[in-house]
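Since the structure comes first, as structure tokens, the remarks are kept for the end.
Residue numbers (this note's numbering): 159 to 271.
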């Protein structure tokens, strides 16, 4: 089974990592103003930014995943907005602990003769 999301949203405010699927889904509805079953992945961090939780509806049920860094912190956006949309490349950088806000993917190569 492969988890696919139409979009990835980071909730900028920290959450208690003891919160489960129902509590995080409620947070998506109330704090972010989004439907938790829209096909997007919603990502939450603890206050120290050493753990992430992701919730995502796959059309049949809800997935909840946890990621923990053994050293360092996840780079998280400032709380200027309640949520922050990122793309798949930024997600890969984020979960490995890279400062994804300072990086950008190179433009696609142009084929020339």
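The beta-carbon is built from N, C-alpha and C at its ideal position, and this holds for glycine as well.
- Judged by DSSP in its simplified three-state form, residue 161 adopts coil rather than helix or strand.
- By the C-beta density criterion, residue 214 is buried, having at least 16 other C-beta atoms within 10 angstroms.
- Between residue 210 and residue 201, the C-beta spacing is below 8 Å.
- Judged by DSSP in its simplified three-state form, residue 201 adopts strand.
- Look at residue 189 here: in three-state DSSP terms it is coil, with no helix or strand label.
- A contact between stretches requires three or more CB pairs, one per stretch, nearer than 8 Å, and the segment 238-248 meets this requirement with the segment 167-174.
- Residue 208 and residue 229 have their C-alpha atoms some 8 Å from each other.
- Between residue 233 and the set 195, 163 and 206, the nearest pair of CA atoms involves 206.
- Only residues of its own chain outside the window of five on either side were considered, and among them 203, 204 and 205 have a CB closer than 7 Å to the CB of residue 172, listed in chain order.
- The beta-bridge partner set that DSSP reports for residue 225 consists of 210.
- A distance of 8 Å or more separates the beta carbons of residue 188 and residue 194.
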